[in-house]
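Taking it in order: structure first as structure tokens, then the write-up.
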Amino acid sequence: MSISTPLATTYGARLSAYLTTYEDLKKHRKRLNKSLVKLRHNLDIVTKDTRKYSEKEKTKAITAAQYDEDQANGTLLLLIAERDSLYASEIKSLLEVSGSRLSSYKKLMVSRLKRAVQTSKKLLEITQNEENVTVRTEIYIYAALTQGLYSVNKKRWAEALQAFSIARCGLELIASQNSDDNEGESFSRTLSEELLDTLVDPSLNLAVSQNEEEESSYDIITVARKHCHDDTLAYLQPAVDLIASQDPSFVQEFEEEISKTVVWREHTANVYNDEVSSKVGRLGRVEWKNFSEADDYDGLLQKWTALVDLHEADLSKNKDEDDLDRVQDGAIVLTYLKYHMHFTKVKRDLLLIDQLESKQFSSVAKKLQSHRDVLRLYDSIIGTVEQLKDLPGVYNDEDMYSTLENMERFFVTKRATVVADSYALANKLPEALKVYSHLSRTFEVESDFYKIESFPYSVTSNEEAQGLAASIQANLAKTHIMTQFHIEQDNSDFVIDNVNKFPSSDGINRITNVGQKGAIKPVLSKAVLFDVAFNYISYSSRSEETGEAEPTGDKKKSGFFGIFGR
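Using UniProt numbering, you'd call the opening residue of the sequence shown number 1 and step up by one each time.
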């Protein structure tokens, strides 16, 4: 445990210990107490006379000079604050499973959080000369988290807003400074993201919902950028300047004009939720052309999905709305959001297909298994296009509906080419030839195959459709040649090579066509034919027939010339 990594020493140790139950928290707190005892002895800060302990307690007398001389003094204060914060978490876990002595335990929890806040303030005071800005930033983050928890339990929402806003800006900075390549930096980044997801963002949402002065429903990032500059908690304000000295973008408020309308096809709709309009504007400015991996679109897809959920929640709240214009605006905005969400998913799946097809495989079996994954992805894409066709307003838009139908044909054809290639890999060339022959007859592409010029994230285009049609014709010719070659290799020109084979008309023509010069080729003899015939030859029966022939008696003499007898 060290002051050089305040967050890893405190919340990082909790994360590594997998504290989920009351007993887990209690065991961890006892281990922390043992570390504190050793550290006190090493620093010779032990109060043996426990009478009037608060007056004789030596940790309160630690100064900045002592910290500059030995940083273990700072580690001691950090662990004392963590022990009190852990005790509060332990009591909270106990209250969640048992309601006994509810009020007394809650008071104890709040008092422990208060002591943790006071110790954090003392820690900030003695570390004011700390040269390492990362250590100083993490100490402020820990102090802000402790203050935020205390303010939430006391229902001081303005304090909670500022504390958790500062903590969020600081954690974003820490996460941006660490990469996934180094193991230590990877853990720091993971810890920052875990704290944001499980503690900071839920607490900020709660504070925003309880703050009456917070009229606009901005997203969490906007809230943090705005309220980190509040002056409710003066002792935390230096943290903003400290973060700004490293990267001012993490504490700057967004200066942007939020568009209150969206345009989809020929329809313009008003957006009545500031958070939705703000996020739509930011998503519209995303440099997606620089994205090359499917993972890049995963985050984008999550944001569009979250926007759809947020807007649907607004629509459900206002389902009894009497203003027809507002109802229509809500429907158009929902179609706009789902339209972009579905196209983001299509683009993500296409990139996954590209990644699979670009891999090198050591065997045909592995390549065929990859083709199965590709077919499943194309099934997902085709299903997504069908969902696009079912969006409100699409069916009545002839150009849009016709375009989506052709898009579905395009991806169905792409899927069929994968099937044909799989047949070819499996050495089933006639089946591959049948697929390509069918595609060449059915997939025809004109110049206006897509009546809409472009799609979100450029998922496809008229040029791609024309290229697919050309590749089908090329593959058809190639497969036809390969199929004919294999047939000729498999078939023999000689009937005698196979007793079960009979000459076809083409073979007979070749044999009887005397106009062509013949070709003499060696023919394998089949001695077995003679052996089988020999079994049917019987010389004994022949001799018996000759033996049985005997001369007859005297014949009657015939008359003249043997015509008339006597």
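Glycine is no exception: its CB is placed at the ideal position from the N, C-alpha and C atoms.
In the three-state scheme derived from DSSP, where H, G and I count as helix and E and B as strand, A269 is classed as strand.
Between I353 and V374, the beta carbon gap of about 5 Å places them in contact (Cβ cut-off 8 Å). Short of 6 Å from the beta carbon of D84, and not among the five residues preceding or following it, lie these beta carbons of its own chain, in chain order: R112, R115 and A116. Apart from the 5 residues on each side of it in sequence, L94 sits with its Cβ closer than 6 Å to the Cβ of Y22 in its chain, given in chain order. With a beta-carbon spacing of about 6 Å, L7 and L191 fall inside the 8 Å limit used to define contacts.
For V46, the secondary structure class from DSSP, reduced to helix, strand or coil, is coil. DSSP places T261 in the strand class (E or B) of the three-state scheme. Sequence-distant partners of A244 (beyond 5 residues in either direction) whose C-beta falls short of 7 Å from its own C-beta, in its chain, are V251. The region 359-373 makes no contact with the region 328-344: fewer than 3 CB pairs, one atom from each, lie closer than 8 Å. Taking a cut-off of 8 Å on C-beta distances, the region 387-407 does not touch the region 422-435, as fewer than three cross pairs fall below it. Across the structure, P238 and K92 are spaced so that their CA atoms are roughly 31 Å apart. Out of K338, F443, E463 and T479, the CA that lies nearest to the CA of A432 is found in T479. Beyond the five residues adjoining it in sequence on each side, V152 comes within less than 8 Å, by CB distance, of A160, S203, L206 and A207 in the same chain, given in chain order. Rounded to whole angstroms, V280 and D298 show a C-alpha spacing of 17 Å. Between the alpha carbons of L236 and T59 lies a gap of roughly 22 Å.
For R415 against Y450, the beta-carbon gap comes to about 18 Å, at or over 8 Å, which does not count as contact.
The beta carbon of S89 sits closer than 6 Å to those of L25, all from its chain and outside the five residues before and after it, given in chain order.
Ranked by Cα distance from Y140, the options S209, A234, A61 and T198 are led by A234.
The beta carbons of S259 and T222 sit about 15 Å from each other, so the pair does not count as a contact at 8 Å. Of the candidates I220, L283, Y87 and N270, the residue whose Cα lies closest to the Cα of E253 is I220.
Residues D24 and H28 of the same chain have their beta carbon placed closer than 8 Å to that of A17, with the five preceding and five following residues left out of the count. Out of H311, L195, A294 and T413, the CA that lies nearest to the CA of D274 is found in H311.
The continuous alpha helix (DSSP H) containing C169 extends over residues W157 to Q177. Around the C-beta of Q147, 16 or more other C-beta atoms lie within 10 Å, and the residue is accordingly described as buried. Looking at F455, E194 and V412, the one whose alpha-carbon comes closest to that of F443 is V412. Around the C-beta of E488, fewer than 16 other C-beta atoms lie within 10 Å, and the residue is accordingly described as exposed. Nearest in C-alpha terms to Y401, of all of L300, V445 and R265, is R265. Pairing L195 with L171 gives a Cβ-Cβ distance under 9 Å. Distance from the Cα of V135 is smallest, within the candidate group T75, E287, Q360 and V308, for T75. Out of L108, R31 and V46, the CA that lies nearest to the CA of L79 is found in R31. Bounds of any alpha helix (DSSP H) do not take in Q128, whose DSSP letter is neither H nor E.
Rounded to whole angstroms, the Cβ separation of V459 and V346 is 5 Å, and the two are in contact under 8 Å.
An exposed status is given to D309, since fewer than 16 other beta-carbon atoms sit within 10 Å of its beta-carbon. As the crow flies, the alpha-carbon of D44 is around 11 Å from that of A72.
In the DSSP assignment, L199 falls outside any alpha helix (DSSP H), carrying neither H nor E. For A81, the enclosing alpha helix (DSSP H) stretches over residues A72 to V97.
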